[in-house]
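A.B. asks: First the structure, then my questions, so here it is.
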Amino acid sequence: MLFQLMHKSEERKLFKDWFDIEAAYLLAEQFYATYPQFDTDRFVETACANLSKLEFYARIRQFAKALRQTLPAEVPDALNIIALSLPPIISGTESTSEGWLQWPVGQWLADYSLEYPDLALDVMLQLTQRFTSEFAVRPFVENYPEKTIAYLLKHTVHPSPHVRRWCSEGLRPRLPWGKVLEVIKLDPTPILPVLEALRDDVDRYVQRSVANCLNDIGKDHPDVLLDLCSQWQKGSNPQRTWIVRHALRSLVKQGNARALESLGSHLHTRSKQD
Numbered sequence: 006m007l008f009q010l011m012h013k014s015e016e017r018k019l020f021k022d023w024f025d026i027e028a029a030y031l032l033a034e035q036f037y038a039t040y041p042q043f044d045t046d047r048f049v050e051t052a053c054a055n056l057s058k059l060e061f062y063a064r065i066r067q068f069a070k071a072l073r074q075t076l077p078a079e080v081p082d083a084l085n086i087i088a089l090s091l092p093p094i095i096s097g098t099e100s101t102s103e104g105w106l107q108w109p110v111g112q113w114l115a116d117y118s119l120e121y122p123d124l125a126l127d128v129m130l131q132l133t134q135r136f137t138s139e140f141a142v143r144p145f146v147e148n149y150p151e152k153t154i155a156y157l158l159k160h161t162v163h164p165s166p167h168v169r170r171w172c173s174e175g176l177r178p179r180l181p182w183g184k185v186l187e188v189i190k191l192d193p194t195p196i197l198p199v200l201e202a203l204r205d206d207v208d209r210y211v212q213r214s215v216a217n218c219l220n221d222i223g224k225d226h227p228d229v230l231l232d233l234c235s236q237w238q239k240g241s242n243p244q245r246t247w248i249v250r251h252a253l254r255s256l257v258k259q260g261n262a263r264a265l266e267s268l269g270s271h272l273h274t275r276s277k278q279d
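Residue 6 is where the sequence shown starts when you use our numbering, and the numbers rise one by one after that.
So this is what it looks like as structure tokens:
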């Protein structure tokens, strides 16, 4: 869903052009509404400098840099303004496209708030209910793994499915478009309690994220994935069954014997029960 961000009226706009001068003004207006000292002209000028030469991700970083230059220099003050300036919470999980304009905000958090993990994580908690914080949290996982994982684990019971999804999506070792989390890729065991806490989540939006995180783990540690799935299949339920099947998809495609046997025997057992 993350990459289906364009409204129908924008269907002909190139991917890299989503962040253009119009987007710069929209984001500036968002901040100006709660922070009248926000220098709209300076932000737009900085965000749009040589924009035609920049690809999509480079534009996001330039927008984030422009925010750094126009928000207060003191990061805690800037974090407070960001929290107050965020748009309304997205209702439902059918589409997250409404919040695409907040992408540079997440990039700002990743690039400039690393020295304030407690404050930054609280802002990410708010941001992920408007767009996503799966990219913003990754530098914090790398630099403060215990603190960040503990924070995410605590919020696996959050009432918002956007938050619960963030708890697993932000920990994916091989998140598409995200920096590889080498610390998790090397040893995924610290994040397993988070996935355990989400294994029976009733929302498919969250289940898909858990399965994708497990699938990532299986690419580097197939035995860890297979052992975990074997445990989850004991006393399983429809939610967990769905997660396991999708978590094992890459190993199944590779013809992994344990994965095939695991799914085959589990399906056979279910068939008898049915």
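Just so you know, even glycine gets a beta-carbon here, dropped at the ideal spot from N, CA and C. What you are looking at is a predicted structure, and each value in this text was computed from that prediction instead of being measured.
Could you spell out where the alpha helix (DSSP H) holding W247 opens and where it closes?
C.D. replies: First-last of the alpha helix (DSSP H) with W247: 243-252.
A.B. asks: So the candidates are I26, K239, T161; which of them puts its Cα closest to the Cα of L106?
C.D. replies: Residue I26 is the option with its Cα nearest to L106.
A.B. asks: Give the straight-line distance between the Cα atoms of V199 and L176, rounded to the nearest whole angstrom.
C.D. replies: Their backbone Cα atoms lie some 9 Å apart in a straight line.
A.B. asks: With hydrogens ignored, establish whether the beta-carbon of P166 is closer than 7 Å to any heavy atom of the ligand MG.
C.D. replies: Looking at this structure, you won't find the ligand MG or any other ligand, since it has none at all.
A.B. asks: Quick one: using the 10 Å Cβ neighbour count with 16 as the cut-off for buried, is W171 buried or exposed?
C.D. replies: W171 comes out buried.
A.B. asks: So, for D208: in the same chain, excluding its five sequence neighbours on each side, which residues have a beta-carbon less than 6 Å away from its beta-carbon?
C.D. replies: Excluding sequence neighbours, D208 sits near P166.
A.B. asks: Is the Cβ-Cβ distance between R135 and G183 less than 8 Å?
C.D. replies: Not a contact, by the Cβ cut-off of 8 Å.
A.B. asks: Measure the Cβ-Cβ separation of I154 and Q112 and say whether it is below 8 Å.
C.D. replies: Taking 8 Å as the Cβ cut-off, I154 and Q112 do not qualify as a contacting pair.
A.B. asks: When you compare the CB positions of K190 and D225, do they come within less than 8 Å of one another, or not?
C.D. replies: Yes, the Cβ-Cβ distance between K190 and D225 is below 8 Å.
A.B. asks: Specify the secondary structure class of K184 as computed by DSSP and reduced to three states.
C.D. replies: Note: K184 maps to coil in three-state DSSP.
A.B. asks: For T137, which residues from the same chain have a beta carbon less than 6 Å from its beta carbon, with the 5 sequence-adjacent residues on both sides left out?
C.D. replies: So no residue of the chain qualifies.
A.B. asks: Could you spell out the range, first to last residue, of the alpha helix (DSSP H) harbouring E79?
C.D. replies: It is not in any alpha helix (DSSP H) - E79 carries neither H nor E in the DSSP assignment.
A.B. asks: Look at the Cβ atom of Q238, then the Cβ atom of S267, and state whether they are nearer than 8 Å.
C.D. replies: Closer than 8 Å, so yes.
A.B. asks: Leaving out five residues before and five after P92 in sequence, what residues of the same chain have Cβ atoms less than 6 Å from its Cβ?
C.D. replies: Result list for P92: R135, in chain order.
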